[in-house]
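First to last, the sequence lines map onto chains C and A. Quick note on numbering: the first sequence equals residues 1 to 294 in our numbering. Quick note on numbering: the second sequence equals residues 295 to 622 in our numbering. Glycine included, C-beta positions come from ideal geometry on N, C-alpha and C. Contents: one structure, followed by commentary.
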Amino acid sequence: MAGLSLELIALQLFAGLALGAIYVLFAIGLSLIFGMLTVVNFAHGAFYMVGAYVGLYILMLGGNFWICLIAVPLAVGLFGLLVERFLIRPLYGRGIDYPLLLTFGLSYVMVELVRIAFGKTGYPFDTPEILQGAVNIGVGYFPLYRLFVIGATAAVLLALWLFLERTSFGLIIRAGARDPQIVRVLGVDVSRVWLIVFGIGTAIAAFAGLLAAPLQGVIPEMGGTILAEAFVVTVVGGMGSIGGAVLAGLLVGVVVSMTSLFAPEMAKVSIFALMAVVLIVRPQGFFGRAGLMS
Amino acid sequence: MKEITQPMLRAQAAPVSWFQFAITHRASLASLVVLVFPLVMPFTALAVNILIYGLYGLGFNLVYGYLGLLSFGHAALLGTGAYFCGIAIVHFGLPWFAAIALGVVGGLAMAALIGVLAIRTRGIYFAMVTMALSQCVYYLFYQAVDWTGGENGLRGINVRVIDLFGLKIDFINPLARYYVIAAFVIAAFFVLSRILASPFGAVIEAVRENETRARASGYDVTTTRLITFVLSGGFCGLAGALQALHLSIVPIEILHYDTSGIVVMIALLGGMGTFFGPMIGAAAFLLLENLVSVWTVHWQLIVGAIFMICVLFFPAGIWGTLISRGKP
Numbered sequence: 001m002a003g004l005s006l007e008l009i010a011l012q013l014f015a016g017l018a019l020g021a022i023y024v025l026f027a028i029g030l031s032l033i034f035g036m037l038t039v040v041n042f043a044h045g046a047f048y049m050v051g052a053y054v055g056l057y058i059l060m061l062g063g064n065f066w067i068c069l070i071a072v073p074l075a076v077g078l079f080g081l082l083v084e085r086f087l088i089r090p091l092y093g094r095g096i097d098y099p100l101l102l103t104f105g106l107s108y109v110m111v112e113l114v115r116i117a118f119g120k121t122g123y124p125f126d127t128p129e130i131l132q133g134a135v136n137i138g139v140g141y142f143p144l145y146r147l148f149v150i151g152a153t154a155a156v157l158l159a160l161w162l163f164l165e166r167t168s169f170g171l172i173i174r175a176g177a178r179d180p181q182i183v184r185v186l187g188v189d190v191s192r193v194w195l196i197v198f199g200i201g202t203a204i205a206a207f208a209g210l211l212a213a214p215l216q217g218v219i220p221e222m223g224g225t226i227l228a229e230a231f232v233v234t235v236v237g238g239m240g241s242i243g244g245a246v247l248a249g250l251l252v253g254v255v256v257s258m259t260s261l262f263a264p265e266m267a268k269v270s271i272f273a274l275m276a277v278v279l280i281v282r283p284q285g286f287f288g289r290a291g292l293m294s
Numbered sequence: 295m296k297e298i299t300q301p302m303l304r305a306q307a308a309p310v311s312w313f314q315f316a317i318t319h320r321a322s323l324a325s326l327v328v329l330v331f332p333l334v335m336p337f338t339a340l341a342v343n344i345l346i347y348g349l350y351g352l353g354f355n356l357v358y359g360y361l362g363l364l365s366f367g368h369a370a371l372l373g374t375g376a377y378f379c380g381i382a383i384v385h386f387g388l389p390w391f392a393a394i395a396l397g398v399v400g401g402l403a404m405a406a407l408i409g410v411l412a413i414r415t416r417g418i419y420f421a422m423v424t425m426a427l428s429q430c431v432y433y434l435f436y437q438a439v440d441w442t443g444g445e446n447g448l449r450g451i452n453v454r455v456i457d458l459f460g461l462k463i464d465f466i467n468p469l470a471r472y473y474v475i476a477a478f479v480i481a482a483f484f485v486l487s488r489i490l491a492s493p494f495g496a497v498i499e500a501v502r503e504n505e506t507r508a509r510a511s512g513y514d515v516t517t518t519r520l521i522t523f524v525l526s527g528g529f530c531g532l533a534g535a536l537q538a539l540h541l542s543i544v545p546i547e548i549l550h551y552d553t554s555g556i557v558v559m560i561a562l563l564g565g566m567g568t569f570f571g572p573m574i575g576a577a578a579f580l581l582l583e584n585l586v587s588v589w590t591v592h593w594q595l596i597v598g599a600i601f602m603i604c605v606l607f608f609p610a611g612i613w614g615t616l617i618s619r620g621k622p
């Protein structure tokens, strides 16, 4: 380990934060949907993947990355609205497993449809020209695009926080997460709130997929891997907690990045080890309420 | 235990309807179906697959259908069974029966390992944690190339002859192979039926129906869950070991998250919480897969769509629906 300088470790830490930013976005959508609808969205990975492919399609049509940043969440979020309205809504009140199973089946359909449309092999996804290259961040040169990923994630988080904490609709969402029954009694159409939350969650997943695309390219199976890892994030952070998802997402990113520096072959396994430790020490996660799942 | 066992005794003593008869003799009836199945099923290789996946579904159904916990990590149990059986033959040159026994032990041990961690969470968490842990098992086996062959899978599990106390059975002959595997599946039917009919089986279902009440009645819910999960691992480990012998290779895909998903589909398609449902589900799933893949490579699209339709409209599954119709 003599060759490892402090700079290298610091750079790796930043790389971990960029990776963690993707986890954060992915897990926040998952957590938001679970916190409100008590639906574990097994198709979340598929929405993430579709986000990357819609971005690819827009680029093929001659659009640029900045159009993608707006159009992808809108298009996929709209699709999410349709899914909630016509597929998940009939299952409310029929047991917590059914929406999970349905979204699991949906993920198969979505992945296969993308395979039909774009083929089984993956595509590279070009980093937008203006974001290529590296900048000096004090400890060394760091890829500009990764910096952009961290910035964009922070912007989405800020927007989401303002929306939830400062708007009246956000107030209804937070109230609905605590007690949908009372909110309904007060005359709020909760099913409309759930619809919109599902749309927002899937839109954020698509945004995450788009951000991840230049880092790792796009393939139809890209959603499956991150889904398992995002489950780790939500278990570590505490299901349904947005603060927990942010902290745990960044932590998981840093853990992956650090283990791939010191013991590359253990990088994939390390996050599951982290989850095992959290499960033993604090089963409800960092910010989870004990007994929430009963 | 009195209030649970007494009605069953009474039912057995009284003149029983055909439905009661079917429930009491479910293991024998299921075995009968398995024994005559090759006569109506022309493709023996497919029939063997149905047996193995049905056994896998049987083990999964013990946790999902009877205990009420949705696991998305059963691929780890099936895969460990398959790899243990394969490693025993390839690396240690053990005979077939020892290899199968090791496969069962592997399934039990992996279930204990995953169970101890996952049982600490409740409800929907369980699906997520089991899935994440089985993904971890996938990476571990993937990297242990010296033992598992990594990406290429574990090759060279060549069992040509099953030597049964001097009686040599040709394992290459498809029909003979079917009946060797069927013997294990039938044994599993009787073991499972015995477990479900025991007082412990009643506790399993009590935990599913009302956890609080089961706990108030003095049952240790957490231990019941763990033991049931471990038992399920034994069945799945056996299925994995048989799969390894059948394919003579253990592909790494056996540990993939899709393999966990397939068994959920099988259980739901057949009818969760029913004794014979997983077998029906496995037959339906594999026949469907075979038929659809004849005219399109995109069979996952059809399978996914049919699964969604099942969740939306037929949550009781094929066998479950038939049973509820036939109930007097």
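For alanine 316(A), I'd like the list of residues in its chain whose CB is within less than 7 angstroms of its CB, leaving aside the five on either flank, ordered along the chain.
-> Answer for alanine 316(A): Leu323, listed in chain order.
Neighbourhood of valine 502(A) by C-beta distance below 7 angstroms, restricted to the same chain and skipping five residues each side = The displayed chain sequence assigns arginine, not valine, to residue 502(A). Taken in chain order, the residues that qualify are Tyr360, Leu361 and Gly362.
Does isoleucine 418(A) have its Cβ less than 7 angstroms from a Cβ in chain C?
-> Taking 7 angstroms as the threshold, the shortest C-beta distance from isoleucine 418(A) to chain C falls below it.
Endpoints, the alpha helix (DSSP H) within which alanine 393(A) is located = From DSSP, the alpha helix (DSSP H) with alanine 393(A) extends over 390-412.
Cα-Cα separation between methionine 573(A) and glycine 567(A), rounded to whole angstroms | About 12 angstroms.
Residue closest to arginine 174(C), alpha-carbon to alpha-carbon, out of Ala10(C), Leu32(C) and Pro128(C) | Measuring from the Cα of arginine 174(C), the nearest candidate turns out to be Leu32(C).
Closest Cα partner of isoleucine 196(C) within the set Glu7(C), Phe125(C), Thr103(C) and Leu164(C) = Nearest option by C-alpha distance: Leu164(C).
Do you know how far the Cα of aspartate 440(A) is from the Cα of tyrosine 433(A)?
-> In a straight line, the C-alpha of tyrosine 433(A) is about 14 angstroms away from that of aspartate 440(A).
If we count the other Cβ atoms within 10 Å of its Cβ and call it buried at 16 or more, is phenylalanine 391(A) buried or exposed?
-> Classification of phenylalanine 391(A): exposed, given that the 10 Å Cβ count is below 16.
Taking just the CA atoms, how far does phenylalanine 607(A) sit from tyrosine 92(C)?
-> Rounded to whole angstroms, tyrosine 92(C) to phenylalanine 607(A) spans 13 angstroms at the Cα level.
Is leucine 541(A) helix, strand or coil when you go by DSSP?
-> Of the three classes helix, strand and coil, the one that applies to leucine 541(A) here is helix, per DSSP.
Aspartate 464(A) bridges to which residues according to DSSP?
-> Aspartate 464(A) is bridged by DSSP to Val455(A).
Whose Cβ in chain A lies nearer than 7 angstroms to the Cβ of glutamate 112(C)?
-> Contact annotation for glutamate 112(C) against chain A: His592, Gln594, Leu595 and Gly598 [CB-CB distance below 7 angstroms, chain order].
Relative to chain C, which residues along the segment 409-436 of chain A have a C-beta separation below 7 angstroms, given in chain order?
-> Correct list: Leu411, Arg414, Thr415, Arg416, Gly417, Ile418, Tyr419, Ala421, Met422, Val423, Met425, Ala426, Leu427, Gln429, Cys430, Tyr433 and Leu434.
For arginine 449(A), the residue or residues it bridges with in DSSP = In the DSSP assignment, arginine 449(A) is bridged to Ile543(A).
Start and end residues, beta strand (DSSP E) containing phenylalanine 142(C) | Where phenylalanine 142(C) is concerned, the enclosing beta strand (DSSP E) stretches over 141-143.
Delimiting residues of the alpha helix (DSSP H) encompassing alanine 376(A) | Per DSSP, alanine 376(A) belongs to the alpha helix (DSSP H) from 368-384.
Could you run through the segment 84-96 of chain C and flag, in chain order, every residue whose CB is less than 9 angstroms away from some CB of chain A?
-> For the segment 84-96 of chain C, the residues whose beta carbon sits under 9 angstroms from a beta carbon of chain A are, in order, Leu87, Pro90, Leu91, Arg94, Gly95 and Ile96.
Helix, strand or coil: how does DSSP classify valine 218(C) here?
-> Of the three classes helix, strand and coil, the one that applies to valine 218(C) here is strand, per DSSP.
Using 8 angstroms as the threshold, is the segment 19-34 of chain C in touch with the segment 212-231 of chain C, meaning 3 or more CB pairs across them?
-> Look at the beta carbons and you see the segment 19-34 of chain C touching the segment 212-231 of chain C: at least three pairs across the two are nearer than 8 angstroms.
In chain C, which residues lie less than 9 angstroms from tyrosine 377(A) when you measure between Cβ atoms?
-> Neighbours of tyrosine 377(A) on chain C: none; closest Cβ ~17 angstroms, over 9 angstroms.
Is arginine 304(A) helix, strand or coil when you go by DSSP?
-> With a pLDDT of only 48 at arginine 304(A), under the threshold of 50, the placement of this residue in the model should not be trusted, and no figure is reported.
Under 7 angstroms by beta carbon: chain A residues contacting glycine 105(C) = Among the residues of chain A, those whose CB is under 7 angstroms from the CB of glycine 105(C) are Gly598, Phe601, Met602 and Val605, following chain order.
Would you please verify whether the beta carbon of methionine 293(C) is less than 7 angstroms from any beta carbon of chain A?
-> Legend: pLDDT at methionine 293(C) = 39, less than 50; position of this residue unreliable, no value from coordinates given.
Does leucine 364(A) come within less than 7 angstroms of chain C when only Cβ atoms are used?
-> Yes, its Cβ sits closer than 7 angstroms to a Cβ of chain C.
Local conformation of asparagine 41(C) per DSSP, three classes = Residue state, collapsed to three classes: coil.
Are the C-beta of leucine 279(C) and some C-beta of chain A separated by less than 7 angstroms?
-> So yes, leucine 279(C) belongs to the interface.
May I have the straight-line CA-CA distance separating methionine 293(C) from glutamine 284(C), to the nearest angstrom?
-> In this predicted model, methionine 293(C) has a pLDDT of only 39, less than 50, meaning its place in the structure is not dependable enough to derive any value.
Rounded to whole angstroms, what's the CA-CA distance from proline 143(C) to alanine 267(C)? Just pull it up for me.
-> Answer to the nearest angstrom: the Cα atoms are 21 angstroms apart.
Apply the 10 Å Cβ neighbour rule to histidine 44(C) and answer buried if 16 or more other Cβ atoms are within range, or exposed otherwise.
-> Burial call: buried.
Whose C-beta lies closer than 8 angstroms to the C-beta of leucine 13(C) among residues of the same chain, with five residues either side of it excluded?
-> The answer, listed in chain order, is Val254, Ser257 and Met258.
Partner residues on chain C for leucine 562(A), Cβ-Cβ distance less than 7 angstroms = Residues of chain C with a Cβ closer than 7 angstroms to the Cβ of leucine 562(A) are, in chain order, Leu101.
Spell out whether any CB of chain A is found under 7 angstroms from the CB atom of proline 180(C).
-> Against chain A, the CB of proline 180(C) has no partner CB under 7 angstroms away; the residue lies outside that interface.
Roughly how many angstroms lie between the CA atoms of tryptophan 589(A) and valine 334(A), to the nearest whole one?
-> Rounded to whole angstroms, tryptophan 589(A) to valine 334(A) spans 24 angstroms at the Cα level.
Local Cβ density within 10 Å of alanine 341(A), reported as buried at 16 or more and exposed below that | Only buried fits alanine 341(A), as 16 or more other CB atoms lie within 10 angstroms of its CB.
In the DSSP assignment, what are the bridge partners of alanine 159(C)?
-> Its beta-bridge partners do not exist; DSSP assigns none.
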